[in-house]
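I have placed the structure first, in the form of structure tokens, so that the comments after it can refer back to it.
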Amino acid sequence: MPEGDTNVQTIGVVGSGVLGTGIAELCAEAGYTVISVGPDRVPDLSAVAAADIVIEALPSDEPSKAQALSEIGRHVGPDCLIATHSSSLSITRLATNVPRPERFAGLHFFPPPKKLRVVEVVRPRLASDATMEALRGLVETLGSHPLMVRDQPGLLVDHLLFPYLNQAIADYDDGLASAEDIQTAVQLGLGYPIGPLQLADRIGLDVLLQATENVYAATREQRFAPPPLLRELVDAGHLGNRTGAGLVVGTDR
Numbered sequence: 005m006p007e008g009d010t011n012v013q014t015i016g017v018v019g020s021g022v023l024g025t026g027i028a029e030l031c032a033e034a035g036y037t038v039i040s041v042g043p044d045r046v047p048d049l050s051a052v053a054a055a056d057i058v059i060e061a062l063p064s065d066e067p068s069k070a071q072a073l074s075e076i077g078r079h080v081g082p083d084c085l086i087a088t089h090s091s092s093l094s095i096t097r098l099a100t101n102v103p104r105p106e107r108f109a110g111l112h113f114f115p116p117p118k119k120l121r122v123v124e125v126v127r128p129r130l131a132s133d134a135t136m137e138a139l140r141g142l143v144e145t146l147g148s149h150p151l152m153v154r155d156q157p158g159l160l161v162d163h164l165l166f167p168y169l170n171q172a173i174a175d176y177d178d179g180l181a182s183a184e185d186i187q188t189a190v191q192l193g194l195g196y197p198i199g200p201l202q203l204a205d206r207i208g209l210d211v212l213l214q215a216t217e218n219v220y221a222a223t224r225e226q227r228f229a230p231p232p233l234l235r236e237l238v239d240a241g242h243l244g245n246r247t248g249a250g251l252v253v254g255t256d257r
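Residue numbers (the working numbering): 5 to 257.
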């Protein structure tokens with residue numbers, strides 16, 4: 005049994021993609037009993053009925069998440085905590101889909117969760133102090149660092165990240181510098197371990213596009229607007245590392 009809240013023994017993870025699988029493995033390695041449910045569209049969620057905490061980690065499509073959260077809420081007990089994984093959708097709005105919004109919050113992991121040991125713990129308007137402290141404690145038992153943030157589009161990390169990636173992609177598309185020089189400028193000039201174009205490919209250009217579109221729609225701030233090249237590559241099926249073609253992967257740039 006993991007150290008921490010002894011009332012939490014079983015964690016349900018909804019979503020079997022790279023992120024959902026990574027979260028489930030992280031929880032299992034920390035000593036929790038894990039109920040993993042997939043695929044990445046809403047399945048039969050009755051299996052999570054025995055969970056003390058359910059982490060919904062479906063893609064950031066609001067109708068799909070709303071449907072899943074509503075079904076999760078119908079199956080779990082009154083003391084179960086429900087967390088959603090998203091940085092670009094309103095956690096407060098998603099809370100309207102669960103029966104006990106005071107026991108609902110956001111947990112935003114970074115892929116791969118076993119390597120990037122930081123989790124944004126997101127407080128929507130109606131979450132109780134007890135819920136937030138329980139989720140902070142959960143993250144700590146997973147061996148990760150909790151960042152306690154309020155609910156806003158992009159949260160903290162992506163609020164910093166998206167304008168940076170958008171500007172790098174736009175500068176490359178405008179011909180300001182070659183892809184190689186943009187990568188080198190950031191890695192050698194700023195000391196970053198990875199360049200922005202390579203990072204975008206690693207994230208997934210489709211994932212980045214969807215997330216920046218969500219944040220831009222919520223804020224209407226131009227710095228979050230996805231650059232045209234990003235949309236063109238996604239439309240062409242060039243999604244980055246996952247497809248072997250993107251901004252730099254699969255090219256001679």
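All C-beta atoms in this analysis are idealised placements derived from N, C-alpha and C, irrespective of residue type, glycine included.
Query: Alpha carbon of Gly141 to alpha carbon of Ala54, nearest angstrom; Result: 20 Å
Query: Helix, strand or coil at Pro150 according to DSSP, with G and I counted as helix; Result: strand
Query: 8 Å contact criterion, which Glu124 and Leu160 should meet: CB distance rounded; Result: 6 Å
Query: Which residues DSSP lists as bridging Ala87, in chain order; Result: Ile59 and Ala109
Query: Val125 (DSSP reduced to helix, strand or coil); Result: strand
Query: Three-pair Cβ contact test at 8 Å for the segment 89 to 104 versus the segment 56 to 69; Result: yes
Query: Buried/exposed call for Glu236, threshold 16 Cβ in 10 Å; Result: exposed
Query: Cβ-Cβ distance between Leu201 and Ala183 below 8 Å; Result: yes
Query: The beta strand (DSSP E) enclosing Val41, as first and last residue numbers; Result: Thr37 to Val41
Query: Distance, Thr37 Cα to Val12 Cα; Result: 9 Å
Query: Unbroken beta strand (DSSP E) run spanning Thr14, endpoints; Result: Thr14 to Val18
Query: Tyr176 at chain D interface by Cβ criterion, 8 Å; Result: Annotation note: the requested chain D is absent from the structure, which comprises a single protein chain.
Query: Through-space distance from Thr135 to Leu85, alpha-carbon basis; Result: 7 Å
Query: Straight-line Cα distance separating Ala181 from Ile173; Result: 11 Å
Query: Opening and closing residue of the alpha helix (DSSP H) in which Phe114 lies; Result: Counting along the chain, Phe114 falls outside any alpha helix (DSSP H), and DSSP gives it neither H nor E.
Query: Among Ser94, Gly42 and Leu93, nearest to Ile76 - alpha-carbon criterion; Result: Gly42
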